[in-house]
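So the structure is just underneath, and the comments pick up after that.
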Amino acid sequence: MNKVTKMLKEYIELLSIILITLPSLIILFIVKTTSLFEFINKFTNSKIITSWLLIISWLILLILISIIVIMIMIKKIRSQGQDSEKYLKFSIWWDKRYNPYCPTCGKPMIRWERDVLACPDTKNCQTYITLIDDNNNRISVNRAIEQVRSEI
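Here it is as structure tokens:
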């Protein structure tokens with residue numbers, strides 16, 4: 001499953017949770033606020049105060065729901081950020097799964113030759129990197145991955 005599909009699945013799951021819990025929260029809120037407004041009406045007999053209290057209470061409910069959604073989204077974004085930690089070796093960024101990324105645009109690189117990686121974005125980036133070890137010798141992509149694997 002690719003990253004976009006996974007994110008869409010998580011967002012649909014979050015939306016379904018919100019849509020399931022939101023009606024019950026609204027019904028509970030209406031029941032509680034209605035009894036509160038009846039209590040206030042007994043003492044004030046003013047519809048203006050009651051209507052303003054109703055508007056304020058609905059705004060508070062919307063703010064609380066928004067805060068909950070934002071907190072959930074921040075948690076999701078932070079957990080996705082942990083997967084994107086990269087390590088620099090051979091002038092290329094490598095992820096935890098030992099995939100090479102272009103140092104210029106950040107896109108995953110492809111094998112061009114035995115010891116050369118290329119950025120697939122040939123229109124905008126056009127980056128080609130020859131893999132050279134610490135002794136200035138050309139090394140194969142497989143050997144580079146082995147070295148990255150031993151250092152991460």
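Under this note's numbering, the sequence shown has 124 at position 124, and the numbering climbs by one with no breaks. Glycine included, every Cβ here is placed at the ideal spot set by N, Cα and C.
For Ile63, the closest C-alpha among the options Ile139, Glu10 and Leu22 is that of Leu22. If you look at Glu113, you'll find it in the beta strand (DSSP E) that goes Ile110 to Glu113. Its chain contains no residue whose beta carbon lies nearer than 6 Å to that of Ile20 once the 5 sequence neighbours on both sides are disregarded. A residue is called buried once 16 or more other Cβ atoms fall within 10 Å of its Cβ, and Thr127 is buried on that count.
The Cβ atoms of Ile65 and Leu14 lie no closer than 9 Å to each other.
Taking every protein chain shown into account, the CB of Met73 has fewer than 16 other CB atoms within 10 angstroms, so this residue is exposed. The beta carbon of Lys76 lies closer than 7 Å to those of Glu10 in the same chain, with the five residues before and after it left out.
The bridge partners DSSP lists for Ile129 are Leu117. Setting aside the 5 residues that flank it on each side, Arg138 is surrounded in the same chain by Asp115, Thr130, Leu131 and Ile132, each with a C-beta closer than 8 Å to its C-beta; the list follows chain order. Between Gln147 and the set Tyr87, Asp121 and Ile12, the nearest pair of CA atoms involves Tyr87.
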